[in-house]
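Visitor: I'd like to ask some things about the structure below.
Numbering (full-length UniProt numbering), first residue to last: 1 to 395.
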């Protein structure tokens, strides 16, 4: 009865066990194909899209769905001049002509609210902007309101003439003397109109009703024209340019954050990226396929068994030795009994008992029983397992 062993005549030639190029191609060809399709779709999308650039929300020159080119055209058709402005200085220069309305969109939030508050005349403020109290004293944001079609429910002529409109975004509380329209339940109003020192200030919760996407719905166009067409000209504030030419962009002299970075920062980032790439190649590169090689010294199976046996005896590892004996016996018995490798305990015990004529309880104790109490019990277990194997082999 041997615990384990390999005959001295068994030799193997060195052979690679790592995946071959062919197997790697078969495993990854689907992912590569999907990647190529994704790249092709991106190229086609860019080619079809051309150089249209990103949309500019509420910009009077933008023809995208988020732009407001259609509203600007309608105002011009009614004789109202529409002038874009991207700075407080430009808006103040245009206001010198008189009879001009100032439209402050929610994309021009980076402009100076205090400077805008000094420009006289009517003004329309879109959204809950920073320092709204300077632009519309007494108007405060009370909640966020979902954008949907709402009824005016107020006496304001501009709203009553327009009727339902797509309003929402933010709800406001109206101060004394102000008129609230398009209510958002108990949260307040999505449009508040109030007099100021030089005209009228109107605050709307969102500007979606003025976009090219929504202008033709409900009374959106009528409401936008009524609010913005009260003067002969409109100063339409938009987002300042990002190239550092505006006078109100963050940073000294209108410089952007990229202009304020030290010259060495881009080089440091580039060098860090190269270092990460080199480290990945260094750690991920393999010198060659993994191979199995013949041992320089051939150890006989008997010597291996004796050495392991001495180790078990020295450490009194009777339980470990018994487990090895039982596992080896079961592995050799299963194919002889015609059982599957994953056969259960009861199935194995029943098959062995039926083939050998031994008591099922005794067979179960030998194959799956407790650890032997002493060395004599371990020797007896080995002999009994050997008897079982011989009997099964003879039948």
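Built from N, CA and C at the ideal position, the CB exists for glycine as well.
Under 8 Å between the Cβ atoms of residue 200 and residue 188?
Guide: Cβ atoms of residue 200 and residue 188: not closer than 8 Å.
Visitor: Can you give me the start and stop residues for the beta strand (DSSP E) that residue 147 sits inside?
Guide: Start and end: 140-150.
Visitor: Take residue 212 as the anchor and find which of 61, 310 and 372 has the nearest alpha-carbon.
Guide: Nearest option by C-alpha distance: 61.
Visitor: Give the single residue among 162, 379 and 388 whose Cα lies nearest to the Cα of residue 330.
Guide: Nearest of 162, 379 and 388 to residue 330, Cα basis: 388.
Visitor: My understanding is that residue 146 touches residue 207, with C-beta atoms under 8 Å, so please give their C-beta distance in whole angstroms.
Guide: That pair is no contact at about 15 Å.
Visitor: In angstroms with no decimal places, state the Cα-to-Cα distance between residue 343 and residue 274.
Guide: Answer to the nearest angstrom: the Cα atoms are 56 Å apart.
Visitor: Which partner residues of residue 167 appear in the DSSP bridge assignment?
Guide: Per DSSP, 148.
Visitor: Measure the Cβ-Cβ separation of residue 72 and residue 82 and say whether it is below 8 Å.
Guide: Contact: yes.
Visitor: Can you tell me whether residue 130 is buried or exposed, with buried defined as 16 or more other CB within 10 angstroms of its CB?
Guide: It counts as exposed.
Visitor: Go through its chain and collect everything with a Cβ distance to residue 394's Cβ below 6 Å, but skip five positions before and after it.
Guide: Nothing listed; no residue qualifies.
Visitor: Is the Cβ-Cβ distance between residue 228 and residue 75 less than 8 Å?
Guide: Against a cut-off of 8 Å, the Cβ pair of residue 75 and residue 228 comes out as a contact.
Visitor: With residue 365 as the anchor, note down where its alpha helix (DSSP H) starts and where it stops.
Guide: Here the alpha helix (DSSP H) through residue 365 covers 360-368.
Visitor: What does residue 269 pair with, by DSSP beta-bridge criteria?
Guide: According to DSSP, which records beta bridges pairwise, residue 269 is partnered with nothing at all.
Visitor: Candidates 349, 185 and 230: which alpha carbon is nearest residue 333's?
Guide: Residue 349 is the option with its Cα nearest to residue 333.
Visitor: Does residue 196 come out as helix, strand or coil in the three-state DSSP assignment?
Guide: Three-state DSSP puts residue 196 in a strand.
Visitor: For residue 88 versus residue 202, is the C-beta spacing smaller than 8 Å?
Guide: Cβ atoms of residue 88 and residue 202: not closer than 8 Å.
Visitor: When the Cα of residue 219 is compared with those of 95, 152 and 97, which residue comes out closest?
Guide: It is 152 whose Cα lies nearest to the Cα of residue 219.
Visitor: Could you check what DSSP says for residue 155 in three-state terms: helix, strand or coil?
Guide: Coil at residue 155, not helix or strand.
Visitor: Report the option in 381, 107, 33 and 214 whose CA atom is closest to the CA atom of residue 236.
Guide: Residue 107 is the option with its Cα nearest to residue 236.
Visitor: Using DSSP's beta-bridge definition, name the partner residues of residue 189.
Guide: Answer is 172 and 183, bridged to residue 189.
Visitor: Looking at the unbroken alpha helix (DSSP H) that takes in residue 376, where does it start and where does it end?
Guide: Its alpha helix (DSSP H) spans residues 375-394.
Visitor: May I have the straight-line CA-CA distance separating residue 230 from residue 186, to the nearest angstrom?
Guide: For residue 230 and residue 186, the distance between alpha carbons rounds to 30 Å.
Visitor: Mapping the DSSP letters down to three states, classify residue 119 as helix, strand or coil.
Guide: Reduced to three states, the DSSP call for residue 119 is coil.
Visitor: Using 8 Å as the threshold, is the C-beta distance between residue 215 and residue 78 below it?
Guide: No.
Visitor: In the DSSP output, which residue or residues are listed as bridge partners for residue 81?
Guide: In the DSSP output, where bridge partners are listed per residue, residue 81 has 233.
Visitor: Ignore the nearest five residues each way along the sequence and tell me which others in residue 1's own chain have a CB closer than 6 Å to its CB.
Guide: Confidence at residue 1 is low in this model, with a pLDDT of 42, below 50, so its placement is unreliable and no value can be given for it.
Visitor: Are the beta-carbon atoms belonging to residue 138 and residue 171 less than 8 Å from one another?
Guide: In this structure, residue 171 does not lie closer than 8 Å to residue 138 by Cβ.
Visitor: Could you give the distance in angstroms between the alpha-carbon of residue 6 and the alpha-carbon of residue 293?
Guide: Note that residue 6 has pLDDT 42, beneath the 50 cutoff, so the model's placement of it is unreliable and no number is given.
Visitor: Within 10 angstroms of the Cβ of residue 165, are there 16 or more other Cβ atoms? Answer buried if so, exposed if not.
Guide: Buried: at least 16 other Cβ atoms inside 10 Å.
Visitor: I'd like the list of long-range same chain contacts for residue 157, defined as Cβ closer than 8 Å, with 5 residues on each side in sequence excluded.
Guide: Correct list, in chain order: 226.
Visitor: One question on the structure: do residue 97 and residue 233 come within less than 8 Å of each other, judged by their Cβ atoms?
Guide: In this structure, residue 233 lies closer than 8 Å to residue 97 by Cβ.
Visitor: How many Å lie between residue 210 and residue 69 at the Cα?
Guide: About 9 Å.
Visitor: Which residue's Cα is closest to the Cα of residue 323: 314, 358 and 365?
Guide: It is 365.
Visitor: Tell me the rounded alpha-carbon separation between residue 379 and residue 282.
Guide: The straight-line gap from Cα to Cα measures roughly 54 Å.
Visitor: Distance check for residue 32 and residue 50, CA to CA, integer angstroms please.
Guide: Unreliable positioning characterises residue 50 in this predicted model, as indicated by a pLDDT of 45, which lies under 50. The coordinate reading is nonetheless provided below. About 27 Å.
Visitor: Please say whether residue 120 and residue 95 have beta carbons closer to each other than 8 Å?
Guide: Contact: yes.
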